[in-house]
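Sequence lines, in order, name chains A and B.
Going by our numbering, the first sequence opens with residue 70, and the numbers climb by one from there.
Going by our numbering, the second sequence opens with residue 1083, and the numbers climb by one from there.
The structure under discussion appears below in the form of structure tokens.
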Amino acid sequence: KQEVTQIPAALSVPEGENLVLNCSFTDSAIYNLQWFRQDPGKGLTSLLLIQSSQREQTSGRLNASLDKSSGRSTLYIAASQPGDSATYLCAVGSWGKLQFGAGTQVVVTP
Amino acid sequence: ETGVTQTPRHLVMGMTNKKSLKCEQHLGHNAMYWYKQSAKKPLELMFVYNFKEQTENNSVPSRFSPECPNSSHLFLHLHTLQPEDSALYLCASSQDGVTDTQYFGPGTRLTVL
């Protein structure tokens, strides 16, 4: 059974610092991995999707890497801003079913 | 309306009530999903529909009954719920139901008294 773990559970950084969020999974037989952002009480916003054949994806200040063999993904957010404060979720996809981690709650202080 | 919409956004119901949650996607996708997000727990997949056919039921109790009349609409019918069913219920859709990005609605916050 797939297990998805996100470390750390919470993170607080001053504005301008780079953020590094980690996600690990136990079963490497995946189709893709997605990173989402969730603001309090709201739905999820898709940030990046990495297919299993890819090593990384980039969008603006966001970069996500995937090492399928070691069961790891890392989300980098460059030059953090207070608006980046949210919970970040990673989800591993297999046959259209997403298995989510518990998330990393990020606070960026001005 | 764009993206994935859900109604109502908030719902309070007693354990003997019957209510329904509605989800509509305006993206032309073929797959739709129900997820449950409880406090302090990861999101849990409940149901998956591909081209209106249910392809996944993740051992969900029968007091939750999904309905997918077409590829754009998804309902979750609720009856005789328990207080532990209080949660945020999220709907999502994707193009192919296998490898594509899933797009989520804003969710319905359900409280069962």
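Backbone N, C-alpha and C define an ideal beta-carbon position, used for all residues, glycine too.
- Query: Going by the beta-carbon positions, is the gap between residue 1147/B and residue 1158/B smaller than 9 angstroms?
  - Reply: yes
- Query: Nearest to residue 103/A by alpha carbon, out of 122/A, 86/A, 116/A and 128/A?
  - Reply: 116/A
- Task: List the residues of chain A whose Cβ lies closer than 7 angstroms to the Cβ of residue 1138/B, in chain order.
- Result: 166
- Leaving out the 5 sequence neighbours to the left and right, which residues in its chain are closer than 6 angstroms to residue 93/A when beta-carbon positions are compared? 74, 140 and 141
- Item | Distance between residue 1098/B and residue 107/A (C-alpha atoms, nearest Å) | 32 angstroms
- Item | Neighbouring residues, chain B, relative to residue 118/A (Cβ below 7 angstroms) | 1183
- Interface positions of the region 1167-1178 of chain B facing chain A (Cβ-Cβ less than 9 angstroms), listed along the chain: 1170, 1172, 1173, 1174, 1176 and 1178
- Message: I want to verify the contact list: residues of chain B whose CB lies under 7 angstroms from the CB of residue 171/A, in sequence order.
- Response: 1124
- Task: Measure the CB-CB distance between residue 156/A and residue 91/A and report whether it falls below 9 angstroms.
- Result: no
- Query: Going along chain A in order, which residues have a C-beta closer than 7 angstroms to the C-beta of residue 1187/B?
  - Reply: 112
- Using DSSP with H/G/I as helix, E/B as strand and the rest coil, what is residue 1143/B? coil
- Task: Provide the residue(s) that pair with residue 166/A in DSSP beta bridges, ordered along the chain.
- Result: 163/A
- Taking residue 1154/B as the reference, which of 1195/B, 1114/B and 1094/B has the closest Cα? 1114/B
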